[in-house]
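Student:
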Amino acid sequence: MLRIGMLTSGGDCQALNAAMRGVVKGVCTKRDDVEIYGFEDGYKGLIYGNFHMLTSKDFSGILTRGGTILGTSRQPFKLMRVPDKDGLDKVAAMKHTYHKLSLDCLVILGGNGTHKTANLLREEGLNVVTLPKTIDNDLWGTDMTFGFQSAVDIATDTIDRIHTTATSHSRVFIIEVMGHKVGHVTLHAGIAGGADVILLPEIPYDIDVVTDVIQKRAAADKKFTIIAVAEGAISKEDARLKKKEYKEKLAKRKYPSIAYELAEKIQQKTDKEVRITVPGHTQRGGSPCAYDRVFATRVGAAAAELILNQEYGYMIAMKNQKITKVPLQDVAGKLKMVDPQDGIIKEARTIGISFGDQ
Numbered sequence: 000m001l002r003i004g005m006l007t008s009g010g011d012c013q014a015l016n017a018a019m020r021g022v023v024k025g026v027c028t029k030r031d032d033v034e035i036y037g038f039e040d041g042y043k044g045l046i047y048g049n050f051h052m053l054t055s056k057d058f059s060g061i062l063t064r065g066g067t068i069l070g071t072s073r074q075p076f077k078l079m080r081v082p083d084k085d086g087l088d089k090v091a092a093m094k095h096t097y098h099k100l101s102l103d104c105l106v107i108l109g110g111n112g113t114h115k116t117a118n119l120l121r122e123e124g125l126n127v128v129t130l131p132k133t134i135d136n137d138l139w140g141t142d143m144t145f146g147f148q149s150a151v152d153i154a155t156d157t158i159d160r161i162h163t164t165a166t167s168h169s170r171v172f173i174i175e176v177m178g179h180k181v182g183h184v185t186l187h188a189g190i191a192g193g194a195d196v197i198l199l200p201e202i203p204y205d206i207d208v209v210t211d212v213i214q215k216r217a218a219a220d221k222k223f224t225i226i227a228v229a230e231g232a233i234s235k236e237d238a239r240l241k242k243k244e245y246k247e248k249l250a251k252r253k254y255p256s257i258a259y260e261l262a263e264k265i266q267q268k269t270d271k272e273v274r275i276t277v278p279g280h281t282q283r284g285g286s287p288c289a290y291d292r293v294f295a296t297r298v299g300a301a302a303a304e305l306i307l308n309q310e311y312g313y314m315i316a317m318k319n320q321k322i323t324k325v326p327l328q329d330v331a332g333k334l335k336m337v338d339p340q341d342g343i344i345k346e347a348r349t350i351g352i353s354f355g356d357q
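Just so you know, we're using numbering that gives the first Met the number 0 here: the sequence shown kicks off at 0 and counts up by one.
Written out as structure tokens, the structure reads:
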């Protein structure tokens, strides 16, 4: 009997169900003696032993469904070694659940924080295989994560729709895209949507440079400006602060988010009307795009092969358009940031997109 535990952890996104479907179909095509234990709400289900038995039928018809049939939750890695309110040792509890059910392995779908905990469980002796899920595409060791392209498509569609009203009313529009620490979604959606300014966490901006772009466009009879800003974008002034100082400043900030701060400063420095659009969690929702369905299916199938071959301790990844495996210890705790010197940044600058820095 092959017993597989499965969970989805962290923020939800498109193609989680498609990836799980790929794993189960891949395993069940080769073996009939398979038991699937689906843990509810991420690591919380593994900690507290909340699960339900699943069969291959439960994974039928979910290729196009967004979200996750298992539910998910955020369990910060830094708190994994901290007992819960009742004094429960979370790591010991997860190991207990694993051994109580006589699992052969755990299949874990998640992003950066999820992979830190997955690697911790590997270090504790559990058999683990992971799949790269996050709309941010910030996992080290893989060129792509599922959920990313779907999020980019939604953010791009938002920018496309804003273009018509911005043009009609000769306004400055700020579209705030998800991305606290990295700006991959904003960068790709900004280019795809024809944004004039793209502001990323990795490239601190100068508000005077941003307003100068707006003024120059107006002088050239371009009456509107589209600004795509990552929610974690930071000014050059704030980037010079120490981490603690910046956190204290954010705690006192009167604005609900970066878009509102930018809007006020732009209005103070120009005579332009500024409007804000925040697509928010719509970027995580809905049916996965075709690319994500294919990619999630491929990584799911690759995970199935590892399980059938009893190869554990790896994350399935894409490198140079090929599906491969990467040791978990090489992935955990590392973020894949936007490189300001990367070709895509240089090419965007070549066509006149400003990153607010020069």
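Built from N, CA and C at the ideal position, the CB exists for glycine as well.
Within 10 angstroms of its Cβ, does L249 collect 16 or more other Cβ (buried), or is it exposed?
Tutor: Here residue 249 refers to the residue found at position 250 of the sequence shown. When all chains shown are included, L249 counts as exposed.
Student: Please give me, in chain order, every unbroken run of the alpha helix (DSSP H) with length at least 4 that falls completely inside the stretch 58 to 106.
Tutor: Complete alpha helix (DSSP H) runs here, min 4: 89 to 99.
Student: Note down, in chain order, each residue of its chain lying with its Cβ closer than 7 Å to the Cβ of F50, except the 5 sequence neighbours on either side.
Tutor: Position 51 of the sequence shown holds residue 50. Hits under 7 Å: Y36, G37, F38, E39, G44.
Student: Can you tell me where the beta strand (DSSP E) holding Y36 begins and where it ends?
Tutor: Taking the sequence shown and counting its residues from 1, the one referred to as residue 36 is at position 37. Residues 33 to 38.
Student: DSSP state of F50, grouped into three classes?
Tutor: If you number the sequence shown from 1, residue 50 lands on position 51. Reduced to three states, the DSSP call for F50 is strand.
Student: Is DSSP giving M19 helix, strand or coil here?
Tutor: Looking up residue 19 in the sequence shown gives position 20. Three-state result, M19: helix.
Student: In whole angstroms, give me the CA-to-CA distance for M93 and P255.
Tutor: Locating residue 93 in the sequence shown gives position 94, where the first residue counts as 1. Locating residue 255 in the sequence shown gives position 256, where the first residue counts as 1. Going from the Cα of M93 to the Cα of P255 covers about 37 Å.
Student: With distances taken between CB atoms, is the gap from N376 to L327 smaller than 8 Å?
Tutor: With the chain running from 0 to 357 in the structure shown, residue 376 is simply not present.
Student: Quick check for students: name the residue ranges of the alpha helix (DSSP H) that lie wholly in the stretch 281 to 314, counting only runs of 4 or more.
Tutor: As far as the stretch 281 to 314 is concerned, its whole alpha helix (DSSP H) runs of at least 4 residues are 289 to 307.
Student: Consult DSSP for Y204 and reduce its assignment to one of helix, strand or coil.
Tutor: Here the question's residue 204 lines up with position 205 in the sequence shown. In this structure, Y204 counts as strand in the three-state DSSP scheme.
Student: With distances taken Cα to Cα, identify the nearest neighbour of I257 among I134, A150, I173.
Tutor: In the sequence shown, counting from the first residue as 1, residue 257 sits at position 258. Per the Cα distances, I173.
Student: Spell out the partners DSSP gives F145 in its beta bridges.
Tutor: Locating residue 145 in the sequence shown gives position 146, where the first residue counts as 1. Answer is K132.
Student: Could you check whether M336 and V184 sit closer than 8 Å to each other, using their CB atoms as the reference points?
Tutor: If you number the sequence shown from 1, residue 184 lands on position 185. If you number the sequence shown from 1, residue 336 lands on position 337. Result no, Cβ atoms of V184 and M336 do not sit closer than 8 Å.
Student: Please go through the same chain and pick out, in chain order, the residues whose beta-carbon is closer than 6 Å to the beta-carbon of E272, but skip the five residues on each side of it.
Tutor: Translated into positions along the sequence shown, residue 272 becomes position 273. These residues qualify, in order along the chain: R170.
Student: Roughly how many angstroms lie between the CA atoms of K318 and L138, to the nearest whole one?
Tutor: Working through the sequence shown from its first residue, we reach residue 318 at position 319. Working through the sequence shown from its first residue, we reach residue 138 at position 139. About 12 Å.
Student: Give the DSSP bridge partners of R252, in chain order.
Tutor: Along the sequence shown, one-based indexing puts residue 252 at 253. R252 is not bridged to any residue.
Student: Return the chain-ordered list of same chain residues with a C-beta closer than 8 Å to the C-beta of V209, the five sequence neighbours on each side being excluded.
Tutor: Taking the sequence shown and counting its residues from 1, one reaches residue 209 at position 210. So the qualifying residues of the chain are V196, L198, I226, L261, I265, S353, G355.
Student: Closest by CA to G9, which one among A232, P75, I344, V212?
Tutor: Within the sequence shown, residue 9 is the residue found at index 10, counting from 1. Of A232, P75, I344, V212, the residue nearest in Cα terms is P75.
Student: State the CB to CB distance for the pair Y311 and N126, rounded to an integer number of angstroms; the pair is presumed to be in contact (CB under 8 Å).
Tutor: What you label residue 311 is simply residue 312 of the sequence shown in a count that begins at 1. What you label residue 126 is simply residue 127 of the sequence shown in a count that begins at 1. So it is a contact: roughly 4 Å between Cβ atoms.
Student: Buried or exposed: where does S234 fall if 16 or more other Cβ atoms within 10 Å of its Cβ makes it buried?
Tutor: For this step, residue 234 is matched to residue 235 along the sequence shown. S234 comes out buried.
Student: By how many angstroms is the C-alpha of A218 removed from the C-alpha of P200?
Tutor: As a working mapping, residue 200 is identified with position 201 in the sequence shown. As a working mapping, residue 218 is identified with position 219 in the sequence shown. Approximately 29 Å between the Cα atoms of the pair.
Student: With DSSP as the reference, label K180 as helix, strand or coil.
Tutor: Locating residue 180 in the sequence shown gives position 181, counting from the first residue. Looking at K180 - three-state DSSP - the assignment turns out to be coil, as it is neither helix nor strand.
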